[in-house]
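For reference, the structure discussed in these notes is given below.
Protein chains: 2
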Amino acid sequence: MQIAILLFDRFTTLDAVGPYETLARIPGAEVVLVGERTGPYRNELGTLGLVADAELSEVSAPDILVVPGGPGQNEQMEDGPLHEWIRAVDAGTTWTTSVCTGSLILAATGLLKGRRATSHWMALDLLATYGAEPTGERVVFDGKYVTAAGISSGIDMGLALVGRVAGDFRAQCVQLGIEYDPQPPYNAGSPRTAPPEVTAALREHSRFFLKD
Amino acid sequence: MQIAILLFDRFTTLDAVGPYETLARIPGAEVVLVGERTGPYRNELGTLGLVADAELSEVSAPDILVVPGGPGQNEQMEDGPLHEWIRAVDAGTTWTTSVCTGSLILAATGLLKGRRATSHWMALDLLATYGAEPTGERVVFDGKYVTAAGISSGIDMGLALVGRVAGDFRAQCVQLGIEYDPQPPYNAGSPRTAPPEVTAALREHSRFFLKD
């Protein structure tokens, strides 16, 4: 089983690594990080480089596709070679997935038309622009399309997918292996629970979250 | 404020990326991934490369040090240039931290002697070998030494540290920014909660968690 994780400039690291750290532990999984070129891609903060080991043409039939998001998503919205590759490999995938604003890229390729999907809470409404139906859930399954909310949600999506692919027992082994027993020191992970002034600050200016 | 995240061969990716994704969002933070050599380090599964942008000699005075773990920790336990560097930079840090079995490396340098500390649940008892006092907590503060449990716990540690360094408001902004509203699909993230057969499987053979 091949799992392809897409990289592009100014991606958000945990968007890619949450699914990686869970899906890569499926028995027999072969994960490949793939980009329009091989070599390191820098994340949106500019201080981390993650290596694409294959270019698009080398990965033609992944069983699972993972599209991460991040500020660089904005430069991946035009139709072209990347969208053509996504549509081509999607024809053969068992699961086509995204984390964070990666769902906007998937939606822009046309694949989420008429489907329920999610994204980072700040980008959720944009899904409708591309004919998807935004939902506020953290992980959304609609047929073989699986979308996750912002950044850290890829861990939850990954575990859910391990369960679908390899069974509950294996998924629980992975959860225990990565000791995923979350204990956030604050209760601010969603606009539902965050103090209103925190939500307002992020809505007002991304410097509260991105690099100053 | 400089934050140094150490890389070595066969590290576990999320050990490094959990703290990265939180600490890198501290205002004015400059994160540097550092290793004994520059260039990509492969993780323990062999399918992911993360780039060290600096070598040890180029990073002499970080404010925060993060030591990740992973199976490659076993090869970093002998005293030598890496341990000397850790001890040297520790003399100037505000916070010296680890995730997962990174605490065993810190402990082997002597820095955790007599201190409360944690590690991956499967490695916890080993801390005592190096004079540290193992605790079952997810994130342990003892003076300026902060250790986190297995793999995913670095997110919780990172958020707690953002709070100490930049205040609760900023930490809440980071939590909301990374949409850290965890909803694991199983309740198996700790030996306290996992089905006994899951815990037994991991204790019996790491293939239930690592590459087959």
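So the sequences go chain by chain: A and B. To convert a position in the first sequence, counted from 1, into this note's numbering, add 122. To convert a position in the second sequence, counted from 1, into this note's numbering, add 122. For glycine and all other residues, C-beta sits at the position ideal for the given N, C-alpha and C.
- The Cβ of G171/A sits closer than 9 Å to at least one Cβ of chain B.
- By the neighbour-count definition (other C-beta atoms within 10 Å, threshold 16), E206/A is an exposed residue.
- When DSSP states are grouped into helix, strand and coil, L155/A belongs to the strand group.
- By a beta-carbon distance limit of 8 Å, G236/B does not contact V189/B. Their separation comes to about 19 Å.
- Distance between T251/B and G202/B, taken at the CA atoms: about 19 Å.
- When CB distances to chain A are screened at a threshold of 7 Å, the residues of the segment 247-276 of chain B falling below it are R260, A271, G272, I273, S274, S275, in chain order.
- In the three-state DSSP reduction, E255/B falls in the strand class (E or B).
- A213/B and A271/A have their C-alpha atoms roughly 41 Å apart.
- Interface annotation, L226/A: not in contact with chain B, CB-CB separation never under 9 Å.
- In the structure shown, F130/B falls within a coil segment according to DSSP collapsed to helix, strand and coil.
- In the DSSP assignment, G161/B falls within the beta strand (DSSP E) that extends over 161-164.
- A183/B places its beta carbon less than 9 Å from that of V211/B.
- In its chain, beyond the 5 residues on either side, T240, V268, T269, A270, A271, S275, D278, M279, A282 have a beta carbon closer than 8 Å to the beta carbon of V261/B.
- Under the 8 Å Cβ criterion, the segment 123-141 of chain B does not count as touching the segment 308-323 of chain A, having fewer than three qualifying pairs.
- Note: Y267/A is bridge-paired with T218/A, D264/A in the DSSP secondary-structure output.
- By the criterion of at least three beta-carbon pairs nearer than 8 Å, the segment 293-301 of chain A is not in contact with the segment 244-259 of chain A.
- Beta-bridge annotation (DSSP): R292/A is not paired with any residue.
- Between H327/A and E301/B, the beta carbon gap of about 17 Å keeps them out of contact (Cβ cut-off 8 Å).
- Boundaries for I208/B: no beta strand (DSSP E) harbours it, while the alpha helix (DSSP H) harbouring it runs 203-212, taken from the DSSP string.
- With fewer than 16 neighbouring CB atoms inside 10 Å of its own CB, T216/A falls in the exposed class.
- If you draw a straight line from the Cα of L178/B to the Cα of G285/B, it comes to about 28 Å.
- Assigned with DSSP and collapsed to three states, Q305/A falls in coil, not helix or strand.
- Where I186/B is concerned, there is no enclosing alpha helix (DSSP H), although the beta strand (DSSP E) around it starts and stops at 186-189.
- For a cut-off of 8 Å, the C-beta gap from L228/A to T218/A is around 7 Å, short enough to register as a contact.
- CA-to-CA, the gap between L129/B and L170/B works out to about 13 Å.
- Counted as a single uninterrupted DSSP element, the beta strand (DSSP E) harbouring L172/B occupies residues 171-174.
- Residue state for R238/B is assigned as strand, using DSSP reduced to three classes.
- Around the C-beta of R325/A, fewer than 16 other C-beta atoms lie within 10 Å, and the residue is accordingly described as exposed.
- If you draw a straight line from the Cα of G168/A to the Cα of A174/A, it is about 16 Å long.
- Contact of R314/B with chain A is assigned, a C-beta pair being separated by under 9 Å.
- Nearest neighbour of M244/B by Cα position, chosen from R238/B, P256/B, L234/B, L233/B, turns out to be P256/B.
- For the pair Q198/A and A126/A, the Cα-to-Cα distance works out to about 17 Å.
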